[in-house]
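**Student:**
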Amino acid sequence: MPDNLPIIDPLPYLPASSLLPHIPSLSSTELQARREETAQKIHKACRDIGFFYLKVDSYLSKEEMKEVLELGREFFHRPDGEKESIGLEKSDGVRGYQKLHQNITKGKADHHEGLDLYALSPYSPSEQSSQKVRPLEGPNQWPSQPEMFKPKLERWIEKMKILGWAVMHAMADGLGMKEQEWGELGGMVQDSFWVMRVIGYPPLPNGADGISCGEHKDYGCLTLLHADPIPSSLQVLSRSNEWIDADPIEGCIIVNIGEMWEIWTGGMYPSTLHRVVHRSPTYRVSIPFFYEPNFDAQVKLLKAAERKAEGEGRKVEDRGEVVYGDFLLGKVSGNFKY
Numbered sequence: 001m002p003d004n005l006p007i008i009d010p011l012p013y014l015p016a017s018s019l020l021p022h023i024p025s026l027s028s029t030e031l032q033a034r035r036e037e038t039a040q041k042i043h044k045a046c047r048d049i050g051f052f053y054l055k056v057d058s059y060l061s062k063e064e065m066k067e068v069l070e071l072g073r074e075f076f077h078r079p080d081g082e083k084e085s086i087g088l089e090k091s092d093g094v095r096g097y098q099k100l101h102q103n104i105t106k107g108k109a110d111h112h113e114g115l116d117l118y119a120l121s122p123y124s125p126s127e128q129s130s131q132k133v134r135p136l137e138g139p140n141q142w143p144s145q146p147e148m149f150k151p152k153l154e155r156w157i158e159k160m161k162i163l164g165w166a167v168m169h170a171m172a173d174g175l176g177m178k179e180q181e182w183g184e185l186g187g188m189v190q191d192s193f194w195v196m197r198v199i200g201y202p203p204l205p206n207g208a209d210g211i212s213c214g215e216h217k218d219y220g221c222l223t224l225l226h227a228d229p230i231p232s233s234l235q236v237l238s239r240s241n242e243w244i245d246a247d248p249i250e251g252c253i254i255v256n257i258g259e260m261w262e263i264w265t266g267g268m269y270p271s272t273l274h275r276v277v278h279r280s281p282t283y284r285v286s287i288p289f290f291y292e293p294n295f296d297a298q299v300k301l302l303k304a305a306e307r308k309a310e311g312e313g314r315k316v317e318d319r320g321e322v323v324y325g326d327f328l329l330g331k332v333s334g335n336f337k338y
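Residue numbers (full-length UniProt numbering): 1 to 338.
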């Protein structure tokens, strides 16, 4: 683990009903103290790095963390024809299975295969197109095998949504948001237009042109990444412009912040470049869950971020306003080759 990627416990922000049975509840005094500690750690990590580990062993059992990865591995080892029967072109061009090298980052083919799932279509019935299905308008395509893939991954999605909300709340407290301000920010993510990818990484061949997943920033709020315990694959660009490994830690997931937080904080919370270079002989599976704003959320500089930056003697830059759905559509349109 890189020394500058902290491990943060979100337990004080998780609803008691979501915790594993053996986790005792906190008293109100202890809860408040733990929340303040967690919020400050998250603020520092978001401000200084943009990546951190989230300790989730009070929320996710070892069995369910292992199970979702194994289901992904089993799917990717199904016959090609079976996987391609739920290819992107069978839905809306962005939901479904991508075969090896179909995903594109910065103009280069990535050496992985994947399955992309999104929140339900953001368009109201009156907006539904009678012509060609638009990106994000179609249905998700779930594999029929393995049989438990859909129910187990749907359960994972629900748990990631709860976790994403908890981290957003901690970030709001870390910025010193007033209750009304958190209510407004929370309202922008309560109908999160989430995305989940299940990704399979075969080993990179020697001399490969391109890498497993090219360097990029994520688009939205938060990425909650669960991956096989294989070292030296995920790499993060440090502030000193060096690629450092962000290796998995048992009982933790990896979190990084997306470009919407750069806008909300005027650059105080940077969205960090990262990539995957997977040369291990072991087939690697990862499941990033992207906890995003509502599709119609209007994202702009937060007053709380301005106050926090001023209190720390920092400057922020007003980067204007974007509608998240428009921003997302502009990104996904060039992600694949057909």
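Backbone N, C-alpha and C fix where the C-beta goes; we use that ideal spot for every residue, glycine too.
Taking 8 Å as the cut-off, does the region 277-288 touch the region 87-94 (at least 3 CB pairs, one atom from each stretch)?
**Tutor:** Touching, no, given that fewer than three Cβ pairs across the two stretches are closer than 8 Å.
**Student:** At a cut of 8 Å, does the region 288-297 reach the region 216-226 through at least three beta carbon pairs?
**Tutor:** Touching, yes, given that three or more Cβ pairs across the two stretches are closer than 8 Å.
**Student:** Name, in chain order, the residues that DSSP records as bridge partners for ILE199.
**Tutor:** For ILE199, which the question treats as bridged, DSSP gives the partners GLY114 and SER286.
**Student:** Tell me which residues share the same chain as residue 341 and place their Cβ nearer than 6 Å to its Cβ, disregarding the 5 neighbours each side in the sequence.
**Tutor:** Any property of residue 341 remains undetermined from this structure, which presents the chain solely from 1 to 338.
**Student:** Following the continuous alpha helix (DSSP H) through LYS32, name the residue where it begins and the one where it ends.
**Tutor:** Reading off the sequence, residue 32 comes out as Gln, not Lys. Per DSSP, GLN32 belongs to the alpha helix (DSSP H) from 28-48.
**Student:** In whole angstroms, give me the CA-to-CA distance for TYR13 and ASP80.
**Tutor:** Roughly 42 Å between the two C-alpha positions.
**Student:** Would you tell me roughly how many angstroms separate the C-alpha atoms of LYS150 and ASN140, rounded to the nearest one?
**Tutor:** Approximately 11 Å between the Cα atoms of the pair.
**Student:** Evaluate ASN256 with the Cβ neighbour count: other Cβ atoms within 10 Å of its Cβ, from every protein chain shown; 16 or more gives buried, anything less gives exposed.
**Tutor:** When all chains shown are included, ASN256 counts as buried.
**Student:** Report buried or exposed for LYS178, applying the criterion of at least 16 other Cβ atoms within 10 angstroms of its Cβ.
**Tutor:** Exposed, because fewer than 16 other Cβ atoms sit within 10 Å of the Cβ of LYS178.
**Student:** Kindly list the residues whose CB is nearer than 8 Å to the CB of MET160, restricted to its own chain and excluding five residues on each side of it in sequence; keep chain order.
**Tutor:** The answer, listed in chain order, is TRP194, MET196, LEU224, PHE289 and TYR291.
**Student:** Look up ARG73 in the DSSP assignment and say whether it is helix, strand or coil.
**Tutor:** In this structure, ARG73 counts as helix in the three-state DSSP scheme.
**Student:** Which residue wins for smallest C-alpha separation from ILE199, given the options ARG307, LEU328 and HIS278?
**Tutor:** Selected option, being the one with the closest Cα: HIS278.
**Student:** Answer yes or no: do VAL236 and LEU5 have a C-beta to C-beta separation smaller than 9 Å?
**Tutor:** Yes, the Cβ-Cβ distance between VAL236 and LEU5 is below 9 Å.
**Student:** Could you have a look at GLY313 and say whether DSSP puts it in helix, strand or coil?
**Tutor:** If DSSP states are grouped into helix, strand and coil, GLY313 belongs with coil.
**Student:** When you compare the region 39-52 with the region 256-270, are there three or more beta-carbon pairs, one atom per stretch, that lie closer than 8 Å?
**Tutor:** Contact between the region 39-52 and the region 256-270 is present, because at least three Cβ pairs lie under 8 Å.
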